[in-house]
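Take a look at the structure below.
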Amino acid sequence: MNGKTLSKRLELVASYLNEKGVFADIGSDHAYLPCYVCLRDPKIAAIAGELNEGPYQSARSTVQELGLETRVEVRKGNGLEVIHPNEVDQVVIAGMGGALIADILEQGKDKLGKVERIITQPNVDADALRRWFYYNNFVLIDEQIIEESGHIYEVLVADAGKKPTPYSKYNLQAELLFGPFLMKQKSAPFIKKWKIEKQKRVHALEQMEKAKVPNQAKMNQFQSEIKTIEEVIGND
-11 MNGKTLSKRL ELVASYLNEK GVFADIGSDH AYLPCYVCLR DPKIAAIAGE LNEGPYQSAR
49 STVQELGLET RVEVRKGNGL EVIHPNEVDQ VVIAGMGGAL IADILEQGKD KLGKVERIIT
109 QPNVDADALR RWFYYNNFVL IDEQIIEESG HIYEVLVADA GKKPTPYSKY NLQAELLFGP
169 FLMKQKSAPF IKKWKIEKQK RVHALEQMEK AKVPNQAKMN QFQSEIKTIE EVIGND
C-alpha cells in the first residue's frame, strides 16, 4: 500500500469525505489516506496527525515523495491536539478501538466547532462511538461493515446539526450495540461478526460458571446479551 492505493477499508472511509475544504486524519500512520484523497481531488487539503515519532516521520516521507507538501501538513501530537479550533471541516479517525476514538473526540470537543462530518473506523467497540455521537449532537447518517483479509471492520459516519435520527424509540440500546443501519441490512459480515461475539460470551459464561464465587451480575449481563444477539441474527 502507498499514497496511490488504499486498503478496502480505507477506500470506504475516503468515499465519505466531502470533496472540498480541509480534513484531519488523526492517527494517520503513513499518511496514506490524506495523500490518496489529495491526489484525486485538487479542492481538498489535509492535516495528518500522528503521536509517535516513527509513524510521524513515515508520514512526512510519504507526503514528500508524492510532492504534496502544500496540500498535506503532517503534525505531531496527541489526538485532536494537532488541529486548531475551527480549522477543519471533517475529521477521520480510523484503525483504533471505538472507546479510544470516543475518548479522543471527548478530549478534543473544543476543536469540533466547525466540523461538519466525523468518519470513524473502529476496530472494536463501535457501540462506544454510537453512544458518543448520540449524546454529542452528531447524527449517525450511515454505517458499513466489511470483511478484508480475515478481519471485519465497521465504518461509522456522523454529521453535525439537526438531521433525522436513525434510532427508534423502542429499541435504542440494541441499535446502539449493533448499529441501526447494520441491523436492517444484516449483511454476511454482520452475521459473521455477531456469531463470533455470541460465542465469546458463551465461552465466558462457561468459564464463570466454574468459578468458586461466580460473578452473577456479569453472568446476567452476558446471558442478556446472548439473548439479544439471537433475537437479531437468529440462534444458529
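All letters in the sequence shown, in the order written, are residues -11 to 224 by the numbering used here.
Ideal placement from N, C-alpha and C gives every residue a C-beta, glycine not left out.
- Around the beta carbon of Y20, a 10 Å sphere encloses 16 or more other beta carbons of the protein chains shown; the residue is thus reported as buried.
- DSSP lists no bridge partner for E53.
- Just measuring C-alpha positions, the residue of L160, G42, E104, Q195 sitting nearest Y4 is E104.
- Contact between I32 and V76 is absent: CB atoms are separated by about 11 angstroms, not below the 8 angstroms threshold.
- Look at the beta carbons and you see the region 131 to 143 not touching the region 40 to 49: under three pairs across the two are nearer than 8 angstroms.
- In this structure, A146 sits away from I133, with a CB-CB distance that is not shorter than 8 angstroms.
- Judged by DSSP secondary structure, L128 falls within the beta strand (DSSP E) whose first and last residues are 126 to 136.
- Residue burial is scored here from C-beta neighbours: R59 has at least 16 other C-beta atoms within 10 angstroms and is therefore classed as buried.
- Per the DSSP secondary-structure output, D17 pairs with nothing in a beta bridge.
- Around the beta carbon of Y24, 16 or more other beta carbons sit within 10 angstroms, so the residue counts as buried.
- A direct Cα-Cα distance of roughly 14 angstroms separates L56 from R63.
- Check the Cα spacing between V190 and each of F121, Q209, L117: the tightest is with Q209.
- Residues P22, A36, G37, E38, P43, A47, V62 of the same chain have their beta carbon placed closer than 8 angstroms to that of S16, with the five preceding and five following residues left out of the count.
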